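As structure tokens, the structure follows; a few thoughts come after it.
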Amino acid sequence: MNITKALTIAGSDSSGGAGIQADLKTFQELGVYGMSALTAATAQNTLGVQAVFPLTPEAVGSQLDSIGADLTPDAVKTGMLYSAEIIAVTADRIARYGWSKLVIDPVMVAKGGAPLLKPDAVHTLIRDLLPLARIITPNLPEAEMLTGMKLLRAEDIREAARRIHAMGPELVIMKGGHASGAVARDLLYDGAAFTAFDGPRIHTVHTHGTGCTYSAAVTAGLASGLAVTEAVRVAKDFIQAAIENSLGIGAGHGPTNHFAYRLKAAKIGGDME
Ligand SMILES: Nc1ncnc2c1ncn2[C@@H]1O[C@H](COP(=O)(O)OP(=O)(O)O)[C@@H](O)[C@H]1O
Ligand SMILES: Cc1ncc(COP(=O)(O)OP(=O)(O)O)c(N)n1
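Position 197 of the sequence shown, counting from 1, maps to 197 under UniProt numbering, and the rest follow consecutively.
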């Protein structure tokens, strides 16, 4: 049997909706064997982030060495990396082991406002990690941090995509969750053309972990050998189903529903009733 494997290098979310937990659930739902290297433990729930406990760079490097010595991931994603030192060791190992199908979710701030990346680490992220990326998936505030631009109009978003592309990633996906309007539009830029991926915007507070889940689904698609546009289409369908059928747990911003895509597919296939 040929097992497709994906690795996430990210923080733990104790509430299970974002971070490494969201990534592993998404990999599993899409039929991909999930592996993880932990960068930090967060004490977190649907009300916010109460504490962050970063691991040492040595602990992160050691986990990546264990995976590199034995298991070859078909694709890799990064999420919360927290510090310049963790970014540096992550970039070093990604280059050393030749993990070329790399999706970077440049996690900076949780939706509740808690910092998940130290401000002085943005420069290291741009210098060391972005040149290694196949795909980067910034949300609009992250794209503003990376470019120093204010993204007010559609043309600003396209210009930011061009500038982020010039930092090294082969492809940029500007996620539209933080915009307004009836359509949640994600814009893929390949250095020449833009492709829009649209879905109806759902009016809900239960969007905790949407970016992690979406980038994990893109990573699972790449690991499985899908073409980029097909991987992005699957990821958009996955996150749309996950938001539309959110679980409604917790008193604040609840998690999305990682089962929903599979259940929908099964229902379409006629197996559910
Ligand atoms: N309310 C919503 N309705 C539909 N899609 C959404 C909504 N919020 C986010 N998305 C989608 O979820 C994915 C993650 O986007 P976003 O929320 O911007 O990322 P992040 O969690 O990193 O801030 C994107 O595909 C985006 O279009
Ligand atoms: C441990 C951890 N990693 C990443 C995030 C951010 O998740 P994201 O999907 O970008 O969106 P929100 O959770 O902020 O809605 C996190 N919260 N925790």
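Ideal Cβ positions, reconstructed from N, Cα and C, are used throughout, including at glycine. From a predicted model like this one, the values you see are computed outputs, not experimental measurements.
Span separating the alpha-carbon of residue i from that of residue j
i	j	result
A10	S36	8 Å
M80	L129	13 Å
R134	M174	14 Å
E58	D74	24 Å
L24	S15	14 Å
K5	I67	11 Å
A242	I249	14 Å
D271	G176	Because D271 sits at a pLDDT of 45, beneath the cut-off of 50, its placement in the model cannot be relied upon, and the following sentence gives the value as read from the coordinates. If you take the alpha carbons of D271 and G176, they lie about 33 Å apart.
G209	P255	6 Å
D156	A192	16 Å
A95	L132	8 Å
V228	R185	17 Å
D65	Y189	33 Å
L171	A91	18 Å
Same chain only: Cβ atoms within 8 Å of residue i, ignoring 5 sequence neighbours per side
i	result
V122	M108, M145, L146
A110	A18, Q44, G48, V49, L116
F238	T26, E29, L30, T213, Y214, A217, Y261
I87	L81, A121, T124, L125, D128, L129
H203	none
CA nearest to the CA of residue i, picked from the options
i	options	result
E230	F197, G248, H253	F197
V103	Y97, T56, H178, T78	T78
A251	G168, E159, V205	V205
R163	S180, K101, S83, E142	E142
Q240	E170, H258, K150	H258
Neighbourhood of residue i by C-beta distance below 7 Å, restricted to the same chain and skipping five residues each side
i	result
D105	K77, T78, G79, T137, G211, C212, S215
A220	A6, T26, F27, L30, V32
S224	T4, V32
Cβ-Cβ separation, residue j to residue i (assumed contact under 8 Å), whole Å
i	j	result
A40	L55	6 Å
A179	L140	6 Å
A160	M167	Not confirmed; about 11 Å, so no contact.
Residues near residue i in its chain [Cβ-Cβ closer than 6 Å; skip 5 each side]
i	result
Q21	D13
N245	N257, A260
E273	Summary for E273: the model assigns pLDDT 37, below 50, so the residue's position carries little reliability; its value from the coordinates is reported in the next sentence. Result list for E273: empty, nothing under 6 Å.
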